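Under the working numbering, the first residue of the sequence shown is numbered 495, with each subsequent residue one higher.
Written below as structure tokens is the structure these notes are about.
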Amino acid sequence: MKIKLINLVFLILLFFYNKNILAENIYVDLELVLAVDVSSSVDEAEYQLQIRGVGAAFRHPDVIAAIESSGGNGIAVAMIQWSDNEEQALVGGWHIIKDAADAAEYARVIRRSPRIIAGGQTSIAGALSFSINEIKNNNIDSGRKVIDVSGDGRANNGIHPMNIRNLAIEENITINGLVIINEEPFLDGYFERGVIGGRGAFMMIAEDYRDYAAMILQKLLREIGMPVS
Numbered sequence: 495m496k497i498k499l500i501n502l503v504f505l506i507l508l509f510f511y512n513k514n515i516l517a518e519n520i521y522v523d524l525e526l527v528l529a530v531d532v533s534s535s536v537d538e539a540e541y542q543l544q545i546r547g548v549g550a551a552f553r554h555p556d557v558i559a560a561i562e563s564s565g566g567n568g569i570a571v572a573m574i575q576w577s578d579n580e581e582q583a584l585v586g587g588w589h590i591i592k593d594a595a596d597a598a599e600y601a602r603v604i605r606r607s608p609r610i611i612a613g614g615q616t617s618i619a620g621a622l623s624f625s626i627n628e629i630k631n632n633n634i635d636s637g638r639k640v641i642d643v644s645g646d647g648r649a650n651n652g653i654h655p656m657n658i659r660n661l662a663i664e665e666n667i668t669i670n671g672l673v674i675i676n677e678e679p680f681l682d683g684y685f686e687r688g689v690i691g692g693r694g695a696f697m698m699i700a701e702d703y704r705d706y707a708a709m710i711l712q713k714l715l716r717e718i719g720m721p722v723s
């Protein structure tokens, strides 16, 4: 009970913090939604590998350099957790990152993020739809809009993700994928055909969750705009 109460207070404070930040429209170089799979196929250890990987990536000097050289306006980032068609949650609101201090603060937020959704089926369409709505209603304008969706399985709930993928493209939103293929070796083909899309869309493959940190680092560098060596 005490841990749940602490998590609730943490999320409430972040809500009001971000509400104040985004009270007026601002412009950034990139809006990025990190859509993290928390369906029943993802156990607690795998969830921790995801959020630790994201947190470490935002502390990485190359990511900070990419943000600082992206155009001068910084980036806006939000993480969502998702599982079935009715289960999506925004984690910590939107954050504007322009420098190392901003990136370190966001990394701390991510590392402390509780798992809000504990299991459920897999609705990639639900995750994409929720992410699109977040981008359209966040009081932020940008030159590029990207949804970075990661997952370890095909959709088994809700409509086919291709339908929402096409809506995203109409809104000039790019969908990139990070697939974890430890349970479905050919998941990359499914994502390529029916999930990713839009200007410059791409996908990266992690053999299992132990590879997630390395892949999300490379993916963020590419999405922010810094060439990957």
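Even for Gly, the Cβ is constructed at its ideal location relative to N, Cα and C.
Just so it is clear, the structure is predicted and the values come from calculations on it, not from any experiment.
DSSP state of residue i mapped onto helix, strand, coil
i, result
"Asn579", "coil"
"Ile545", "helix"
"Ser644", "strand"
"Ala536", "The question names Ala, yet the displayed sequence has Val at residue 536. Coil."
"Val585", "strand"
"Ala597", "helix"
"Val603", "helix"
"Gly613", "coil"
"Val689", "coil"
"Val722", "Residue placement at Val722 cannot be trusted, given a pLDDT of 44 that sits under 50; what the coordinates show is reported in the next sentence. Coil."
"Ile506", "In this prediction, Ile506 scores a pLDDT of 48, lower than 50, which makes its location untrustworthy; no coordinate-derived value is stated."
Integer-rounded CB distance, given that residue j should sit under 8 Å from residue i
i, j, result
"Ile669", "Ala662", "5 Å"
"Glu665", "Ile626", "6 Å"
"Gln544", "Tyr706", "6 Å"
"Arg553", "Ala612", "At roughly 27 Å, the Cβ-Cβ gap does not stay under 8 Å, so Arg553 and Ala612 are not in contact."
"Ile718", "Ser564", "6 Å"
Cβ neighbour criterion (16 or more within 10 Å) applied to residue i
i, result
"Gly647", "buried"
"Pro555", "exposed"
"Tyr541", "buried"
Interface flag, residue i vs chain D, CB-CB below 8 Å
i, result
"Leu672", "Given the protein chain composition of this structure (a single chain), no chain D is represented."
In DSSP terms, what residue i is bridged to
i, result
"Glu525", "Ala570 and Lys639"
"Ala700", "Ile674"
"Ile590", "Ala570"
"Ile520", "Ile634"
Do the stretch 684-693 and the stretch 703-723 meet, that is, are 3 or more Cβ pairs less than 8 Å apart?
-> no
Should the stretch 526-539 be called in touch with the stretch 605-624, which here means at least 3 C-beta pairs below 8 Å?
-> yes
Counting Cβ pairs closer than 8 Å, one from the stretch 666-673 and one from the stretch 695-714, do we hit at least three?
-> yes
Could you say if the stretch 622-640 and the stretch 567-582 meet the contact criterion of at least three C-beta pairs nearer than 8 Å?
-> yes
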